[in-house]
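The next block holds one structure in the form of structure tokens; read it before the comments.
Residue numbers (this note's numbering), protein chains in the order written: chain A, 1 to 57; chain B, 1 to 515.
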């Protein structure tokens, strides 16, 4: 777990792009099936990834 | 929402913040885009009644729009790195620099046609990085070489990189490409003639223009006609590559025929270009033409498309975006698919010819991933900003403000400068189109101006602006060893570039008056 977190923080852009490619599909499926809790988690992940890129560059 | 200065200012805040981060804080597009997306979402939430559902669906819509463009960017970059790895780009450059000793004609070959050809295939700063050192090797000073290669391909940016920026324009505005291609090709045609004369002037001042004006005019008209012919028929992804290749071939024979007894050739050399160097481009053109012109192929491939449906979205203050399908992606006839197929065939041929070493494919894939990472992230963020702004009517407020301030008589002149500003700061024609195409379109509608002409002004202005962007100038300077002299290069590029944008602005002004 610590290793994964280290990789995420050391390569924020790669993490953000990976999430940008996966999350839209999950987010769409969650919203269309009215699973709002899952949808807000997806949105939260994207916001976190963008914040990471903005802070770490 | 009511239009007043405060609302206009808040609507403009995402763009201002993005520009300040890039220009003031010198952040890259990916980092500035990420923070600007967060700020845009916050502004939309706090001031324009956006809810979480609207932001989430905007994000998904932006993903589809981005993928449409990224498929081209990734595959075009893959093809370019493949040709670089096989040494074909270098072979073409060396061959061109050996054709003539006349400096104005060398300027035409290496400062105008060759960078334009490279821009048609790849772009991403490559035209200057490859052409400027070749110009230096033929005797031009490094500043002159960088400025010539930069200005020389300014016209080719909009339809360059397999028409990525133009594809973004289509995606963001939702207008058919064939309609936008007409006006864009005409303005680009004007731009190509002017850049040709600017390059010959930079190469040898007045003498350069006097000795090559017939050649420059013939080539300019040929480039403009070829690009127009292909673009309005939906073949915009190859319009720059094909027209530049034709112009290169014509200029080669022109020099060979006229060169025996006059100024064009000072020494006789045996010139040969390995056929294999041109193969990737020939394959790409052949596949594109087959798919687009042989009846039945495109129609059959277009049956395989991907589109998803979006519900009606309403902000908390009552602005409505109607329900409907998002961006449809024809995944078998998509330009990215065609480029990828060309690249794989070229790869197989290069391997067979021994031009690529073992393990080259994984190296090319890694290099493509590395070089496209920042662009990918920037595109996702920037398109996301544009979609949130349009769904919360921020773009509409901005457009209405501009139309009130400038009026119908002045806006056409300013329109290409807006595109230029966006590209100068973001370093990209595509980013400028994402930022400003919606705004330009709505302003044109409000003022009763022709939307395709104004959008053409936006993207052509942005194309010119992208060659002035500090990041690209720095890259060009680095390839010819111009450290710490970027300021003087930017100054020269700005003066030529702004002259070009002004000429485009005047043409747009006249065109919208008579339309």
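Ideal Cβ positions, reconstructed from N, Cα and C, are used throughout, including at glycine.
**Supposed contact pair residue 413(B) and residue 501(B) - C-beta distance, whole angstroms, cut 8 Å** = Residue numbering aside, residue 501(B) sits at position 501 when the second chain is read from its first letter. Residue numbering aside, residue 413(B) sits at position 413 when the second chain is read from its first letter. That belief does not hold up - the Cβ atoms of residue 501(B) and residue 413(B) are roughly 10 Å apart, past 8 Å.
**Item:** Cβ neighbour criterion (16 or more within 10 Å) applied to residue 519(B)
**Value:** Outside the modelled stretch of chain B, which goes from 1 to 515, sits residue 519(B), for which no answer is possible.
**Message:** Please tell me whether residue 27(A) has its Cβ less than 8 Å away from any Cβ of chain B.
**Reply:** Here the question's residue 27(A) lines up with position 27 in the first chain. With 8 Å as the cut-off, residue 27(A) counts as an interface residue toward chain B.
**Request:** Can you give me the start and stop residues for the alpha helix (DSSP H) that residue 116(B) sits inside?
**Result:** Against the second chain, residue 116(B) aligns to sequence position 116. Taken as a continuous stretch (DSSP letters only), the alpha helix (DSSP H) holding residue 116(B) covers 114-121.
**Message:** Is it buried or exposed, residue 515(B), if we count other Cβ atoms within 10 angstroms and call 16 or more buried?
**Reply:** Indexing the second chain from 1 puts residue 515(B) at position 515. Answer is exposed; the Cβ neighbour count stays below 16.
**Prompt:** Ordered along the chain, which non-local residues of its own chain (more than five positions away) have a Cβ less than 7 Å from that of residue 240(B)?
**Reply:** Here residue 240(B) is taken as the residue at index 240 of the second chain, counted from 1. The residues are 116, 119, 120, 156, 159, 160, 227.
**Message:** Taking the alpha-carbon of residue 460(B) as reference, which of 503(B), 493(B), 444(B) has the nearest alpha-carbon?
**Reply:** By one-based count along the second chain, residue 460(B) stands at place 460. It is 503(B) whose Cα lies nearest to the Cα of residue 460(B).
**Item:** Buried/exposed call for residue 409(B), threshold 16 Cβ in 10 Å
**Value:** Here residue 409(B) refers to the residue found at position 409 of the second chain. When all chains shown are included, residue 409(B) counts as exposed.
**Prompt:** Can you find a C-beta in chain B that's less than 8 Å from the C-beta of residue 54(A)?
**Reply:** As a first step, residue 54(A) is located in the first chain; it is residue number 54 there, counting from the start. Yes - at least one Cβ of chain B is within 8 Å of the one on residue 54(A).
**Prompt:** Anyone know if the C-beta pair for residue 64(B) and residue 93(B) falls short of 8 Å?
**Reply:** Counting from 1 along the second chain, the entry for residue 64(B) is found at position 64. Counting from 1 along the second chain, the entry for residue 93(B) is found at position 93. Cβ atoms of residue 64(B) and residue 93(B): not closer than 8 Å.
**Request:** Ignore the nearest five residues each way along the sequence and tell me which others in residue 555(B)'s own chain have a CB closer than 6 Å to its CB.
**Result:** The structure shown has nothing for residue 555(B), since chain B only spans 1 to 515.
**Request:** Taking only beta carbons into account, state which residues of the segment 367-387 of chain B come closer than 8 Å to chain C, listed in chain order.
**Result:** Among the protein chains in the structure shown, which are A and B, there is no chain C.
**Prompt:** Closest Cβ-Cβ distance between residue 5(A) and chain B: below 8 Å?
**Reply:** Start at 1 with the first residue of the first chain, and residue 5(A) comes out as number 5. Any Cβ of chain B closer than 8 Å to the Cβ of residue 5(A) would place that residue at the interface, and such an atom is absent.
**Prompt:** Roughly how many angstroms lie between the CA atoms of residue 252(B) and residue 99(B), to the nearest whole one?
**Reply:** Indexing the second chain from 1 puts residue 252(B) at position 252. Indexing the second chain from 1 puts residue 99(B) at position 99. Distance between the alpha carbons of residue 252(B) and residue 99(B) is about 8 Å.
**Request:** Would you tell me roughly how many angstroms separate the C-alpha atoms of residue 76(B) and residue 342(B), rounded to the nearest one?
**Result:** Position 76 of the second chain, counting from 1, holds the residue named residue 76(B). Position 342 of the second chain, counting from 1, holds the residue named residue 342(B). If you draw a straight line from the Cα of residue 76(B) to the Cα of residue 342(B), it comes to about 10 Å.
**Any chain A beta carbon closer than 8 Å to residue 257(B)** = Numbered from 1 along the second chain, position 257 holds the residue referred to as residue 257(B). By this cut-off, residue 257(B) is not an interface position.
**Cα-Cα separation, residue 113(B) to residue 452(B)** = Counting from 1 along the second chain, the entry for residue 113(B) is found at position 113. Counting from 1 along the second chain, the entry for residue 452(B) is found at position 452. Counting only the Cα atoms, residue 452(B) lies some 27 Å from residue 113(B).
**Message:** Distance check for residue 45(A) and residue 468(B), CA to CA, integer angstroms please.
**Reply:** Counting from one through the second chain, the residue named residue 468(B) turns up at place 468. Counting from one through the first chain, the residue named residue 45(A) turns up at place 45. Rounded to the nearest angstrom, the two C-alpha atoms are 36 Å apart.
**residue 136(B) beta carbon less than 8 Å from that of residue 480(B)** = The residue labelled residue 480(B) in the question sits at position 480 within the second chain. The residue labelled residue 136(B) in the question sits at position 136 within the second chain. A contact, by the Cβ cut-off of 8 Å.
**Message:** Can you find the residues in the same chain that come closer than 7 Å, C-beta to C-beta, to residue 17(B), ignoring five residues on each side of it along the sequence?
**Reply:** Along the second chain, one-based indexing puts residue 17(B) at 17. Closer than 7 Å at Cβ, skipping near neighbours: 36, 39.
**Asked** Do the CB positions of residue 447(B) and residue 411(B) come within less than 8 Å of each other?
**Response** Locating residue 447(B) in the second chain gives position 447, where the first residue counts as 1. Locating residue 411(B) in the second chain gives position 411, where the first residue counts as 1. Yes.
**Asked** Between the segment 80-113 of chain B and chain A, which residues of the former have a C-beta closer than 7 Å to a C-beta of the latter?
**Response** none
**Asked** In the segment 29-111 of chain B, which residue ranges form an unbroken alpha helix (DSSP H) of at least 4 residues, counting only runs that do not cross its ends?
**Response** 29-47, 52-85, 88-97, 103-106
**Message:** Cβ closer than 9 Å: which chain A residues qualify as neighbours of residue 35(B)?
**Reply:** Counted from its first residue, the second chain places residue 35(B) at position 35. For residue 35(B), the chain A residues whose C-beta falls within less than 9 Å of its own C-beta are 50, 51, 53, 54, 55, listed in chain order.
**Asked** So residue 184(B) and residue 72(B) are in contact, right, with Cβ under 8 Å, and what is the actual spacing, rounded?
**Response** Counting from one through the second chain, the residue named residue 184(B) turns up at place 184. Counting from one through the second chain, the residue named residue 72(B) turns up at place 72. Rounded, the Cβ-Cβ distance is 17 Å, inconsistent with contact.
**Request:** Tell me whether the beta-carbon of residue 57(A) lies closer than 8 Å to the beta-carbon of residue 31(B).
**Result:** As a working note, residue 57(A) is residue 57 in the first chain. As a working note, residue 31(B) is residue 31 in the second chain. Yes; because the gap between Cβ atoms is below 8 Å, this pair is in contact.
**Asked** Using the rule of at least 16 other Cβ atoms within 10 Å of the residue's Cβ for burial, across every protein chain shown, is residue 7(B) buried or exposed?
**Response** For the purposes of this step, residue 7(B) is identified with residue 7 of the second chain, where counting begins at 1. Residue 7(B) should be labelled buried.
**Item:** Residues of its chain near residue 10(B), where Cβ-Cβ distance is below 7 Å and the 5 sequence neighbours each way are ignored
**Value:** The sequence position of residue 10(B) within the second chain is 10, counting from 1. Taking C-beta separations shorter than 7 Å and ignoring five residues to either side along the sequence, the partners of residue 10(B) in its chain run 43, 47, following chain order.
**Message:** At the level of alpha carbons, what is the spacing between residue 402(B) and residue 302(B)?
**Reply:** By 1-based counting over the second chain, the position of residue 402(B) is 402. By 1-based counting over the second chain, the position of residue 302(B) is 302. Spanning the alpha carbons of residue 402(B) and residue 302(B) requires a straight line of approximately 39 Å.
**Request:** Tell me, please, which residues DSSP counts as bridged to residue 504(B).
**Result:** Here the question's residue 504(B) lines up with position 504 in the second chain. Beta-bridge pairing links residue 504(B) to no other residue.
**Request:** Say whether chain B places a C-beta atom closer than 8 Å to the C-beta of residue 35(A).
**Result:** By 1-based counting over the first chain, the position of residue 35(A) is 35. Chain B contact via Cβ: absent.
**Item:** residue 150(B) versus residue 236(B) - alpha carbon distance
**Value:** Your numbering for residue 150(B) matches position 150 in the second chain. Your numbering for residue 236(B) matches position 236 in the second chain. One C-alpha to the other measures close to 22 Å.
**Request:** Pick helix, strand or coil for residue 204(B), following the three-state DSSP scheme.
**Result:** As a position in the second chain, residue 204(B) is number 204, starting the count at 1. Residue 204(B) falls in the helix class under three-state DSSP.
**Prompt:** Taking one C-beta from the segment 310-325 of chain B and one from the segment 362-378 of chain B each time, how about it: are there three or more such pairs within less than 8 Å?
**Reply:** no
**Request:** Tell whether a beta-carbon distance below 8 Å holds between residue 297(B) and residue 345(B).
**Result:** Along the second chain, one-based indexing puts residue 297(B) at 297. Along the second chain, one-based indexing puts residue 345(B) at 345. Contact flag unset, no.
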